[in-house]
Structure formats: C-alpha cells, structure tokens
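Student: Numbering (the working numbering), first residue to last: 354 to 811.
By construction, the Cβ of each residue, glycine as well, lies at the ideal position given by its N, Cα and C atoms.
Keep in mind that this is a model prediction, so the values were computed, not measured.
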Ligand SMILES: NC(=O)c1ccc[n+]([C@@H]2O[C@H](COP(=O)([O-])OP(=O)(O)OC[C@H]3O[C@@H](n4cnc5c(N)ncnc54)[C@H](O)[C@@H]3O)[C@@H](O)[C@H]2O)c1
C-alpha cells in the first residue's frame, strides 16, 4: 500500500463501536470503487475561502458527532480573511484546529496546496465566490479528495457544462460531494416533501417565493477605492459582480427557488422576468434592485419568485406551494426554522391547519454536514453536484430572463456561450479583473431589450 492508499476498514470499525447512524440523502446505488480517508478514523478538513460561510462551514464540520475530525489546512487569496477565520475557529474548537503557519496558504494557487495537505478520502470545503468552484473541484477530483462546495455551484452556461462533465470523474472515483443547498437536508421540509408527494395538498399548481429585504452583503458597491486593485475589489465585493457570483440573484435567491422546485419535484423549463435599478446614487455594481420571475414547469405549473434589495419596503423571506386541495408553507422567515405547515383550502387560517412540523427543528447547516461526513465514514455513494448545477442553472435562467428582457429556457441558459470569466483558472493577484470599468469607473449593467442575448457587454 502507498502512503495514500485507502484503509477500507478503519472507519467502519469506528462506526460499529460508536453505533453510527445510516447516512442521509442523495445516495446512488451503483457499484463504485471505495475511497476512504486517512489511515486512522480522523477525517481531515481543508478550508478554501475563509470568509463568513467558510468559517461557518468549517465550524459545522468540526461539530459533527460521528467520529474524530480536524481542520488541517486553510487557503484564501487575502491574508486578513484567513487570519480572522483561523482565530475564530481556534477559539471555538481548540484541539480540532491543527493549522500551523506552513499549512496556511495565501494566493490564487492556495487551494492546490491546501488540497495537497489532505489524503484521499479527506474533505475540502470550497466557500470562495462561485466563479472558482469548477477550478477547485477539478483539482480535488484529481487528488481523490471529497468536497463540500457552497451554492451556487455555477453562474453561467459554460461553467454548468464543465461542472457536470467534471462530476462524471468524481462519480467514477466515488468521491462524496455535498452542495450547500442546506434546506434539502432540513427535516421539516423533508417531511413536507413526502406529504406533498402523497397528495396532501392535491396537485401542485403554483408556487411562490419571496426574498425581499434591504441591501445586504456586497449587493451594492460604490466606486472602487484607489488602494485596491480591480481584481481585489471585485472579489471582495463579489455579490456586486456577475462573473464572480451571478450577482444578488444567483447568490441570494437560489435557496427559495430551489426549495420550491424540490416540493414540485422538478425543474422549470422556461422563465420570463422583469427587474430594474432605482435609487442607486453612485453605486457601480451590476445588480438590479428588484426582480420578478415567472417560471413554468413542464406540466404548466408556475413558480413566481420576487426578489428585492431595497430599504423602506415590505420585507418577506418565505416560500409557499399551492395545490388543488390546499396550501403548504415551505419556509416562513429565512432558512431555519422552516416551520413547515399544510392547510386545506388556499387560506392559511389556523382553523384550516392540517399539519405542522413540531418545534424545535435541527439546524440544516449542521444536518448537511452530519450527512456528508457519515457518508464518508460509511463509504456510501453521496453526490449532490447534479442537483446543485440544476438549481444553479434555474437561478441563472431567471436572472438572464430579467437581465435581457427575453424568454429564456433551461436549455438556452445551459447552452449559452457567454462565459463570464473565461480565464478564472489562470488568475494571479496581478491579473486584470474579468470585468473592466469604463473611464468613469462604472461597470456594464444589464440593459433588457437592448442587449438581448447577453446579460451585459464587457
Ligand atoms: N448556504 C448558505 O446559506 C450560504 C450563506 C452564505 C454564503 N454562502 C455561499 O458561500 C460562498 C462564500 O460566501 P461568503 O458570504 O462566505 O463570502 P465571503 O466574502 O465572506 O468569503 C469568501 C472568501 O473567499 C475568499 N476567496 C475569494 N476568491 C478566492 C480564491 N480564488 N481562492 C481562495 N479564496 C478566495 C475571499 O477572500 C473570502 O475570504 C458564496 O458562494 C455564497 O453564496 C452560502
């Protein structure tokens, strides 16, 4: 056996002696080669992208209960982000964070060194802006390392096609890959899904979801400060730039759209949409302030999505499904707790309540990690990439419909040739940014009805 050879029995033995539970969702039943982690039962973790979610995902990983786990490497393009993430995790999980200075990697190639610090069967966390997802996934596959990658997993057609092709290699190697659509691991939504499929609200005719609140994260950006390079500015404020994140639309709205599609048990085939920019002062980002999308499923059912990032307006962050016999509340206020309920008829009056999920609920950010790490320990097939790409394409198709003012099908988006960041795998800290500002420091914004087959020119 080479030093990286899998040790098939160690984790199973551990699970038997600790009474481990069966793994969660997304299990495929094909025969695949076994890939296990390190020689002992410790799952080693590397974090690539040490921002807010990366630090949170690492904390979730280190909080899993199925056996020993530790963080051994960290990578980020910016030293300040890595240092603060390391401090936070070290304080919270001392003893489980073993990241000396020579396993802290700064720069665009840091992901390679972080992955090189792992053994096949360990797990790498990808929580950079999504533009880098396929680049990092490709290397993890080469090295035989399991992956947790945050949503969205792609923001344009070319990356979506690339991710699916790469995933064929990941499946051949039996890599476990989790995608951060954590609502899919929510117990309450899982129970609601079964009830809807069993006909509790009749045929699902329409769904609607809302994510409407004031500007958050880097939704809007003022002019670039002189002390930052274009590339650094665009990466630090990635929600403002379509190449990096798919903008606020893909980044913020994918969860509500995805949970609706889950309940419908399908993906929409076409979208039409509108949106616009309103009181933006000197903002230079590429986002619209509000988006309204009508998605249509193959059977004619509709999903209406409303997104808005404006202060002073009605706020709502929720999803609903309307059936021929009743209505379901999929989520009511953010992602968790979901407080799923069903009612007879179309009014959510208490008197019409049929079922509600009992409180308290487990946190889906934690359950998605329990499921992934258990699949690694039990060596169960576990791969959420296809679903992650499909959800990302559906989000991008609504965004493109709004940004171009055209009717956009799933296939239009998936096959679209507009690659937002063609050289993303070649970037260095000295590179030009994928998007250029004009002489006034402004970036191209979508112009529906004028630019009809690309979301922006530039
Ligand atoms: N599932 C959820 O509910 C959820 C919540 C928040 C964020 N997210 C997702 O997580 C991802 C990160 O979001 P965030 O809020 O943590 O942003 P963030 O800006 O806080 O963190 C991103 C980090 O990645 C680093 N980075 C950027 N490019 C890099 C590269 N090429 N290599 C290494 N590091 C790089 C940045 O410097 C930063 O530290 C996004 O895809 C976002 O959609 C998901």
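1) Can you find the residues in the same chain that come closer than 7 Å, C-beta to C-beta, to residue 634, ignoring five residues on each side of it along the sequence?
2) For residue 427, verify whether its CB is less than 7 Å away from any heavy atom of ligand 1.
3) Grouping DSSP H, G and I as helix and E and B as strand, with all else coil, what is residue 758?
4) Go through the residues and name those whose CB comes closer than 6 Å to any heavy atom of ligand 1, in chain order.
5) Along the beta strand (DSSP E) that carries residue 499, what are the first and last residues, could you check?
6) Name the one or two DSSP bridge partners that residue 680 has.
7) Counting pairs of Cβ atoms below 8 Å between the stretch 597-605 and the stretch 470-486, do you hit three or more?
8) Taking only beta-carbon positions, decide if residue 523 is within less than 8 Å of chain D.
9) Would residue 789 be called buried (16 or more neighbouring beta carbons within 10 Å of its own) or exposed?
10) Any idea if residue 642 is buried or exposed, counting beta-carbon neighbours within 10 angstroms, 16 or more meaning buried?
11) If you drop the 5 nearest sequence neighbours on each side, which residues of the same chain put their C-beta closer than 7 Å to that of residue 725?
12) CA-CA distance, residue 503 and residue 518?
13) Ends of the alpha helix (DSSP H) at residue 639?
14) Mind reading off the beta-carbon distance from residue 856 to residue 470? Whole number of angstroms is fine, and I expect it under 8 Å.
15) Please identify the residue among 700, 419, 422, 438 whose C-alpha is closest to the C-alpha of residue 428.
16) Under a Cβ-count criterion, where at least 16 other Cβ atoms within 10 Å of its own Cβ denotes burial, should residue 617 be classed as buried or exposed?
17) Whose C-alpha, out of 675, 511, 793, is nearest the C-alpha of residue 769?
18) Just verifying my parser: in three-state terms, what is the DSSP assignment at residue 384?
19) Near residue 679, which residues of its chain fall below 8 Å by C-beta distance, leaving aside the five closest residues on each side in sequence?
20) Apart from the five residues just before and just after residue 780, which ones in its own chain have a Cβ nearer than 6 Å to its Cβ?
21) Out of 611, 458, 468, which one is the CA nearest neighbour of residue 742?
22) Verify whether the separation of the beta carbon atoms of residue 595 and residue 809 is less than 8 Å.
23) Under the three-state reduction of DSSP, which class applies to residue 620: helix, strand or coil?
24) Work out the CA separation of residue 399 and residue 592 for me, nearest whole Å.
25) Determine the contact status of residue 647 and residue 657, defining contact as a CB-CB distance below 8 Å.
26) Within this structure, are the beta carbons of residue 744 and residue 599 separated by less than 8 Å?
27) Is residue 595 helix, strand or coil by DSSP?
Tutor: The structure says:
1) By 1-based counting over the chain shown, the position of residue 634 is 281. Cβ within range, chain order: n/a, list empty.
2) Numbered from its first residue, the chain shown carries residue 427 at position 74. Checking the Cβ of residue 427 against ligand 1 gives no.
3) Stepping through the chain shown from its first residue, residue 758 is reached at position 405. Reduced to three states, the DSSP call for residue 758 is coil.
4) 401, 402, 403, 404, 405, 406, 407, 428, 429, 430, 431, 434, 461, 463, 464, 480, 481, 482, 483, 485, 503, 504, 533, 535, 588, 604
5) Counting from 1 along the chain shown, the entry for residue 499 is found at position 146. Per DSSP, residue 499 belongs to the beta strand (DSSP E) from 499-502.
6) Along the chain shown, read from residue 1 onward, the residue named residue 680 stands at position 327. Answer is 675, 696, bridged to residue 680.
7) yes
8) This model lacks chain D altogether, as it is built from one protein chain only.
9) As a working mapping, residue 789 is identified with position 436 in the chain shown. By the neighbour-count rule (16 or more Cβ atoms within 10 Å), residue 789 is not buried but exposed.
10) If you number the chain shown from 1, residue 642 lands on position 289. Buried, by the Cβ-count rule.
11) Within the chain shown, numbered from 1, the residue matching residue 725 stands at position 372. Cβ within range, chain order: 501, 529, 531, 735.
12) Position 150 of the chain shown holds residue 503. Position 165 of the chain shown holds residue 518. Distance between the alpha carbons of residue 503 and residue 518 is about 18 Å.
13) Here the question's residue 639 lines up with position 286 in the chain shown. Here residue 639 belongs to no alpha helix (DSSP H), and DSSP marks it neither H nor E.
14) It is not possible to answer for residue 856, since the shown part of the chain is limited to 354 through 811.
15) Indexing the chain shown from 1 puts residue 428 at position 75. The shortest Cα separation from residue 428 among 700, 419, 422, 438 belongs to 438.
16) Counting from one through the chain shown, the residue named residue 617 turns up at place 264. By the neighbour-count rule (16 or more Cβ atoms within 10 Å), residue 617 is buried.
17) In the chain shown, counting from the first residue as 1, residue 769 sits at position 416. The shortest C-alpha separation from residue 769 is found at 511.
18) By one-based count along the chain shown, residue 384 stands at place 31. Residue confidence for residue 384 is low, a pLDDT of 38 falling below 50, so the modelled location carries little weight; the figure read from the coordinates is stated next. The answer is coil: DSSP assigns residue 384 none of H, G, I, E or B.
19) On the chain shown, residue 679 is found 326 positions in, with the first residue counted as 1. Cβ neighbours of residue 679 beyond the five flanking positions: 553, 554, 555, 695, 696, 697, 698, 699, 705, 707.
20) As a working note, residue 780 is residue 427 in the chain shown. So the list reads 461, once near-sequence residues are dropped.
21) As a working mapping, residue 742 is identified with position 389 in the chain shown. Of the candidates 611, 458, 468, the one whose C-alpha sits nearest the C-alpha of residue 742 is 611.
22) Taking the chain shown and counting its residues from 1, the one referred to as residue 595 is at position 242. Taking the chain shown and counting its residues from 1, the one referred to as residue 809 is at position 456. Yes.
23) If you number the chain shown from 1, residue 620 lands on position 267. Three-state result, residue 620: coil.
24) To locate residue 592, count along the chain shown from 1; it is residue 239. To locate residue 399, count along the chain shown from 1; it is residue 46. Roughly 24 Å separates the two Cα atoms.
25) Locating residue 647 in the chain shown gives position 294, where the first residue counts as 1. Locating residue 657 in the chain shown gives position 304, where the first residue counts as 1. Yes, these two residues count as a Cβ contact at 8 Å.
26) Position 391 of the chain shown, counted from the first residue, corresponds to residue 744. Position 246 of the chain shown, counted from the first residue, corresponds to residue 599. Their beta carbons are not under 8 Å apart, which means residue 744 does not touch residue 599 by this criterion.
27) Numbered from 1 along the chain shown, position 242 holds the residue referred to as residue 595. Helix, per DSSP.
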